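S.K.: Numbering (mature numbering (1 follows the signal peptide of the UniProt record, and there is no 0)), first residue to last: -34 to -1, 1 to 251.
Yeah, the Cβ is synthetic: ideal placement off N, Cα and C, and Gly gets one too.
All figures in this text were calculated on a predicted structure; none of them were measured in a lab.
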Amino acid sequence: MAILNWNLKKTAAAALATLLVVGGLSGCGTSANAEESNAQTIRVGVGNAWAPYDYVDENGKAAGYEVEVLKKIDEKLPEYKFDIQPAAFDTLLVSLDAGKLDLIAHTWRLNEQREKKYNWTKQSDLRSVVRIVTSKKSKVKYNSIADFAGHSVYAAVGESTSQQMEEYNKQHPDNPIKIVYANANVTTEQRYTALAQGKVDAWYCPEPVLNDMNKNFGGGLKAVGKPLEQKNTTFFTQKGEKQTKLTNAIDGALKELRADGTLKKLGEQYLGGDFSQQLSASEEY
């Protein structure tokens, strides 16, 4: 009987220990799940056809340099969970204004209008150098927006340089720029073909975009003249206290990613070079 009682006590002790271990593990899981469930979901809009920065890959997933940067930022901010949603460029600002997105990325550059309307990150995710692009067969020399006068030039509604061209046309109605607005239905390949064949005279884009188009569609384009623009890029949110908290957190993460070489590494992988330098105000134009 003594042996039986001892065995019963031993069995009960083992069962209790098992319950404690399982309960402890369950508690750890609950804690981790609670932390994840408490994270605020941030709906992040990115471009769907702006390779190599933001695009949709062959598997239908958001991909590109800025997408990878956003993922690295998300890893550093446990209080947030980024839901990255690719969309057409001309819908991003509209969706942000309507409250359908919380943050947008598309190699955005600041201008006076955007500076007044939105919150933006002060730390840049990359240095954008915009070049004028034409067919390799073109003999026309372009160095500025004024040189576009009388020529057809691709543009996108709401884009910074297109707004400058629109303003130029208001001031020079006798010899305006022939702005060709490329909507979301115009693919990158169609844009390339129109430029390479001279159906549209010129465009403007960052160098990595030009290199990506030449690589994928035949090498028929070239950059001409001096850079049209060199600026830091930024992410936009609506104005507000919560949005300021978000952009401040992103700034902290971007500063770390620049310091530890992550932005440089991603630039070399996706853009063919290091574009991680944060420009001073005097270096931007």
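#1: Using the three-state DSSP reduction, which class does residue 100 fall into: helix, strand or coil?
#2: Output needed for residue 251: all residues of its chain with C-beta closer than 8 Å, excluding positions within five of it in sequence on either side, in chain order.
#3: How would you label residue 70, buried or exposed, when you count the other beta carbons within 10 angstroms and need 16 or more for buried?
#4: When DSSP labels each residue in this structure, what does residue 165 get in the three-state scheme?
#5: Pick helix, strand or coil for residue 47, following the three-state DSSP scheme.
#6: Could I get the ranges of all uninterrupted beta strand (DSSP E) runs contained in the stretch 158 to 243, with 3 residues as the minimum, in chain order?
#7: Under a Cβ-count criterion, where at least 16 other Cβ atoms within 10 Å of its own Cβ denotes burial, should residue -30 be classed as buried or exposed?
#8: Please identify the residue among 88, 158, 123 whose C-alpha is closest to the C-alpha of residue 246.
#9: Just verifying my parser: in three-state terms, what is the DSSP assignment at residue -14?
#10: Just grab the DSSP bridge partners of residue 118 for me.
#11: Would DSSP call residue 130 helix, strand or coil?
#12: For residue 147 versus residue 121, is the C-beta spacing smaller than 8 Å?
#13: Between which two residues does the beta strand (DSSP E) harbouring residue 7 extend?
#14: If the criterion is Cβ atoms closer than 8 Å, does the pair residue 74 and residue 200 meet it?
#15: Could you say which of 231, 55, 82 lies nearest to residue 149 if we only look at CA atoms?
#16: Please work out which residues of its chain come closer than 8 Å, Cβ to Cβ, to residue 90, disregarding the five sequence neighbours upstream and downstream, and give them in chain order.
#17: Starting from the C-beta of residue 84, find all residues in its chain whose C-beta is less than 8 Å away, skip the five residues before and the five after it, and write them out in chain order.
#18: Just the Cα atoms here: how many angstroms apart are residue 116 and residue 64?
#19: In angstroms, rounded to a whole number, what distance separates the CA positions of residue 163 and residue 101?
#20: Using CA atoms only, rank isn't needed, just tell me which of 57, 104, 24 is closest to residue 189.
#21: What I want to know is whether the C-beta of residue 191 ends up closer than 7 Å to one or more non-hydrogen atoms of the ligand MN.
#22: DSSP puts residue 19 in a beta bridge; with which residues?
#23: Which value, in whole angstroms, describes the spacing of the CA atoms of residue 111 and residue 6?
#24: Ignore the nearest five residues each way along the sequence and tell me which others in residue 237's own chain have a CB closer than 7 Å to its CB.
#25: Helix, strand or coil: how does DSSP classify residue 73 here?
#26: Please name the residue or residues paired with residue 149 in a DSSP beta bridge.
#27: What are the partner residues of residue 28, as DSSP defines its beta bridges?
#28: Along the alpha helix (DSSP H) that carries residue 57, what are the first and last residues, could you check?
#29: Between residue 240 and the rest of its own chain, which residues show a CB-CB distance below 7 Å, the 5 nearest in sequence each way excluded?
M.R.: Taking the geometry as given:
#1: Position 134 of the sequence shown holds residue 100. Strand at residue 100.
#2: In the sequence shown, counting from the first residue as 1, residue 251 sits at position 285. Here the set comprises 195, 196, 197.
#3: Walking along the sequence shown from the start, residue 70 turns up at place 104. Buried, because 16 or more other Cβ atoms sit within 10 Å of the Cβ of residue 70.
#4: Position 199 of the sequence shown, counting from 1, holds the residue named residue 165. Coil, per DSSP.
#5: For the purposes of this step, residue 47 is identified with residue 81 of the sequence shown, where counting begins at 1. In the structure shown, residue 47 sits in a strand (DSSP, three-state: E or B).
#6: 169 to 172, 187 to 198, 200 to 203
#7: The residue you call residue -30 lines up with position 5 of the sequence shown. Because the pLDDT at residue -30 is just 44, under 50, the model does not fix this residue reliably, and the value given afterwards should be weighed accordingly. Per the 10 Å Cβ criterion, exposed.
#8: Counting from 1 along the sequence shown, the entry for residue 246 is found at position 280. Taking only the C-alpha atoms, the option nearest residue 246 is 88.
#9: Locating residue -14 in the sequence shown gives position 21, counting from the first residue. Residue confidence is low: residue -14 scores 40 on pLDDT, short of 50, so the model does not pin down where it sits. No coordinate-derived value is stated.
#10: For this step, residue 118 is matched to residue 152 along the sequence shown. Per DSSP, 144.
#11: In the sequence shown, counting from the first residue as 1, residue 130 sits at position 164. Of the three classes helix, strand and coil, the one that applies to residue 130 here is helix, per DSSP.
#12: Within the sequence shown, residue 147 is the residue found at index 181, counting from 1. Within the sequence shown, residue 121 is the residue found at index 155, counting from 1. In this structure, residue 121 lies closer than 8 Å to residue 147 by Cβ.
#13: The count along the sequence shown starts at 1 and reaches residue 7 at position 41. Unbroken beta strand (DSSP E) run through residue 7: 6 to 13.
#14: Position 108 of the sequence shown holds residue 74. Position 234 of the sequence shown holds residue 200. Cβ distance < 8 Å, so residue 74 and residue 200 count as in contact.
#15: Taking the sequence shown and counting its residues from 1, one reaches residue 149 at position 183. Looking at the Cα atoms, 55 is the closest of the given residues.
#16: By 1-based counting over the sequence shown, the position of residue 90 is 124. Contacts found: 198, 199, 200, 220, 244, 245.
#17: By 1-based counting over the sequence shown, the position of residue 84 is 118. 62, 202, 203, 204, 205.
#18: As a first step, residue 116 must be located in the sequence shown, where it is residue number 150. As a first step, residue 64 must be located in the sequence shown, where it is residue number 98. Using only the alpha carbons, I get a separation of about 37 Å.
#19: Numbered from its first residue, the sequence shown carries residue 163 at position 197. Numbered from its first residue, the sequence shown carries residue 101 at position 135. Whole-angstrom Cα-Cα distance: 7 Å.
#20: By one-based count along the sequence shown, residue 189 stands at place 223. Closest option to residue 189, Cα to Cα, is 104.
#21: The ligand MN is not among the ligands present in this structure, which contains no ligands whatsoever.
#22: Along the sequence shown, read from residue 1 onward, the residue named residue 19 stands at position 53. DSSP, once it has assigned bridges, lists no residue as partnering residue 19.
#23: Position 145 of the sequence shown, counted from the start, is the residue given in the question as residue 111. Position 40 of the sequence shown, counted from the start, is the residue given in the question as residue 6. Near 43 Å, if we compare the C-alpha coordinates of residue 6 and residue 111.
#24: Counted from its first residue, the sequence shown places residue 237 at position 271. For residue 237, where only same-chain residues beyond five positions count, the Cβ hits under 7 Å are 18, 31, 174.
#25: As a position in the sequence shown, residue 73 is number 107, starting the count at 1. It is a strand residue.
#26: Position 183 of the sequence shown, counted from the first residue, corresponds to residue 149. According to DSSP, which records beta bridges pairwise, residue 149 is partnered with nothing at all.
#27: To locate residue 28, count along the sequence shown from 1; it is residue 62. Residue 28 is bridged to 22.
#28: In the sequence shown, counting from the first residue as 1, residue 57 sits at position 91. Where residue 57 is concerned, the enclosing alpha helix (DSSP H) stretches over 55 to 63.
#29: To locate residue 240, count along the sequence shown from 1; it is residue 274. Closer than 7 Å at Cβ, skipping near neighbours: 230, 233, 234.
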